[in-house]
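Only one structure is covered here, and it is reproduced in the block below.
Number of protein chains: 2
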Amino acid sequence: MNDAREVVVLRYGHRPGRDDRMTTHVGLTARALGADRVIFPDNAGQSAETVRDITGRFGGPFAVELREDQKAIVRDFEGVVVHLTMYGEQVQDVEGAIREAVGLDEPEVPGEASPPRDLLVVVGGEKVPWALYERADFNVGVTNQPHSEVAGLAVFLDRLFNGEELDREWADADRRVMPEATGKTVVDADGAGDGERDDDGRGDDPVTDERGDDDPAEDE
Amino acid sequence: MNDAREVVVLRYGHRPGRDDRMTTHVGLTARALGADRVIFPDNAGQSAETVRDITGRFGGPFAVELREDQKAIVRDFEGVVVHLTMYGEQVQDVEGAIREAVGLDEPEVPGEASPPRDLLVVVGGEKVPWALYERADFNVGVTNQPHSEVAGLAVFLDRLFNGEELDREWADADRRVMPEATGKTVVDADGAGDGERDDDGRGDDPVTDERGDDDPAEDE
Chain A
1 MNDAREVVVL
11 RYGHRPGRDD
21 RMTTHVGLTA
31 RALGADRVIF
41 PDNAGQSAET
51 VRDITGRFGG
61 PFAVELREDQ
71 KAIVRDFEGV
81 VVHLTMYGEQ
91 VQDVEGAIRE
101 AVGLDEPEVP
111 GEASPPRDLL
121 VVVGGEKVPW
131 ALYERADFNV
141 GVTNQPHSEV
151 AGLAVFLDRL
161 FNGEELDREW
171 ADADRRVMPE
181 ATGKTVVDAD
191 GAGDGERDDD
201 GRGDDPVTDE
211 RGDDDPAEDE
Chain B
1 MNDAREVVVL
11 RYGHRPGRDD
21 RMTTHVGLTA
31 RALGADRVIF
41 PDNAGQSAET
51 VRDITGRFGG
61 PFAVELREDQ
71 KAIVRDFEGV
81 VVHLTMYGEQ
91 VQDVEGAIRE
101 AVGLDEPEVP
111 GEASPPRDLL
121 VVVGGEKVPW
131 ALYERADFNV
141 GVTNQPHSEV
151 AGLAVFLDRL
161 FNGEELDREW
171 ADADRRVMPE
181 ATGKTVVDAD
191 GAGDGERDDD
201 GRGDDPVTDE
211 RGDDDPAEDE
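Sequence order for the protein chains is A and B.
Residues 1 to 220 in UniProt numbering are what the first sequence lists, from first letter to last.
Residues 1 to 220 in UniProt numbering are what the second sequence lists, from first letter to last.
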């Protein structure tokens, strides 16, 4: 989202079939809420394909990688590592320190912001090794309640970027949704006049229609 | 979370099997991030059971309902209806108006806050009827990008409550997670000394362990 640093989301662990949809949603949430890249385990090819497809249609830049070496990625990451876990410190207590660590803080003296550093956000899927807790610069809980890794990632990114991710622009998109009070309007991304207005009451669920799902073709 | 008003999340539509995990995560996210109640379609009994189980162990109050009459719930709701959809107005543009509509705004004159009203947050699953767009007081997009209904709900609730949901207390819990920089510590909810410390490096994923999943027994 910003040239100064890269924010990478690593989905740690993936069970094909069972986790396809959650992993896809991790990737799409990372993209929509300001991360620059998502790394999936190499057995999550279907999720990768869906996220790439959405990026192709709705814009980027956003990169999707499949990697086998999850442990090495975390160990060797040159930057700040945040691990989202319900056992971690409360996000409201540490978000300021994280923003400062990666240079997203508001400087007290203009021009004296902390230097930008890359950030790896690790989202646990199946079992994660204890070494991850030890390697992480911050183990962070978005609440200490059991809920959803997708929800935790979303709240974390929104707080990390202080809401600025909601205003980002998308490059190389084929289409763009026009926000409106009542309606479902999609236009060509160049804003040209041949927009498609879909408020005919057919009752499609627009999110399901476009959301990357297990089988994206099914909903279209 | 607050006696003045009830915040209810309605999961609109559910495909058994395929949607079990997403529906469960909608319910757990609603609970963790400050809603008072979730309503699932009546074919989502498995998700309801999981959310109730988590509430029994980690505390409440939080209610889970199964209802057949999704359309009637929306139509007859006495309060403000928010529909989360990627076609809606941008959350950053309308969150102030929504907070004011339900009395969660900061009054300019102390004591002159808007009156509290109940809030129904509708999260689409499969196809939602066009009437929902028309009935909703606010159609809201957490970005106008396709991503995840769980992520959208999470960001919406965090912004609705202005982060105060992260500090809520839980009643009638069996257990409580102690937030910490490195570790996985669960204590009895009364804070007594027989806490169970689980940092033996077995490498369990604590979120998966406790998260309501398709089959909660599988992870335990």
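Every residue, glycine too, gets a C-beta built ideally from N, C-alpha and C.
- Judged by beta-carbon spacing, residue 119 of chain A lies within the 8 angstroms limit of residue 5 of chain A, meaning their Cβ atoms are closer than that value.
- Chain B places no beta carbon closer than 8 angstroms to that of residue 71 of chain A, leaving this residue out of the contacts.
- With respect to residue 70 of chain B, residue 12 of chain B sits close: the two C-beta atoms are nearer than 8 angstroms.
- Counting only unbroken stretches of 3 or more residues, the beta strand (DSSP E) elements lying wholly within the segment 78-119 of chain B are 80-90, in sequence order.
- Using a C-beta cut-off of 8 angstroms, the segment 135-146 of chain B makes contact with the segment 79-96 of chain B, since at least three inter-stretch Cβ pairs fall below that distance.
- When only Cα atoms are considered, residue 36 of chain A and residue 172 of chain A end up about 15 angstroms apart.
- Within the segment 76-95 of chain B, contact with chain A at the beta-carbon level (separation under 9 angstroms) is assigned to 84, 85, 86, 87, 88, 89, 90, 91, 92, 93, 94.
- Counting only the Cα atoms, residue 174 of chain A lies some 7 angstroms from residue 59 of chain A.
- Between the beta-carbon of residue 102 of chain A and that of residue 80 of chain A there is about 5 angstroms, and that keeps the pair under the 8 angstroms contact cut.
- Against chain B, a Cβ distance below 9 angstroms from residue 54 of chain A picks out 145, 146, 147.
- Under the 8 angstroms Cβ criterion, the segment 7-23 of chain A counts as touching the segment 33-47 of chain A, having at least three qualifying pairs.
- Residue 33 of chain A carries a coil assignment under DSSP once its states are collapsed to helix, strand and coil.
- Chain-order list of chain A residues neighbouring residue 134 of chain B: 182, by C-beta distance under 8 angstroms.
- Under the DSSP assignment, residue 156 of chain B falls in the alpha helix (DSSP H) whose first and last residues are 149-160.
- In the DSSP assignment, residue 141 of chain A falls within the unbroken beta strand (DSSP E) covering 138-141.
- Per DSSP, reduced to three states, the secondary structure at residue 171 of chain A is strand.
- Going by C-alpha positions, residue 112 of chain A is about 18 angstroms away from residue 3 of chain A.
- The three-state secondary structure of residue 124 of chain A, taken from DSSP, is strand.
- Against chain A, a Cβ distance below 7 angstroms from residue 163 of chain B picks out 92.
- Listed along the chain, the chain A residues whose CB falls inside 8 angstroms of the CB of residue 23 of chain B amount to none; the nearest CB is some 11 angstroms away.
- Just so you know, the alpha carbons of residue 66 of chain B and residue 52 of chain B end up roughly 12 angstroms apart.
- In this structure, residue 82 of chain A lies near residue 137 of chain A, with their beta-carbon atoms less than 8 angstroms apart.
- Counted as a single uninterrupted DSSP element, the beta strand (DSSP E) harbouring residue 185 of chain B occupies residues 185-188.
- Annotation for residue 31 of chain A: 62 place their beta carbon closer than 6 angstroms to its own, counting only its chain and skipping 5 residues before and after.
- For residue 61 of chain A, the closest Cβ of chain B is not nearer than 8 angstroms.
- In the three-state scheme derived from DSSP, where H, G and I count as helix and E and B as strand, residue 22 of chain B is classed as helix.
- Burial check for residue 56 of chain B: the Cβ neighbour count within 10 Å stays below 16, so the residue is exposed.
- Around the beta carbon of residue 107 of chain A, a 10 Å sphere encloses fewer than 16 other beta carbons of the protein chains shown; the residue is thus reported as exposed.
- When C-alpha distances from residue 156 of chain A are compared across A:49, A:39, A:99, the shortest belongs to A:99.
- Annotation: residue 26 of chain A to residue 149 of chain A spans about 8 angstroms, alpha carbon to alpha carbon.
- By the rule that beta-carbons nearer than 8 angstroms mark a contact, residue 150 of chain B touches chain A.
- Between the C-alpha atoms of residue 96 of chain B and residue 121 of chain A there is a straight-line separation of about 30 angstroms.
- Per DSSP, the unbroken alpha helix (DSSP H) holding residue 132 of chain B starts and ends at 130-135.
- Taking C-beta separations shorter than 8 angstroms and ignoring five residues to either side along the sequence, residue 190 of chain A has no partners in its chain.
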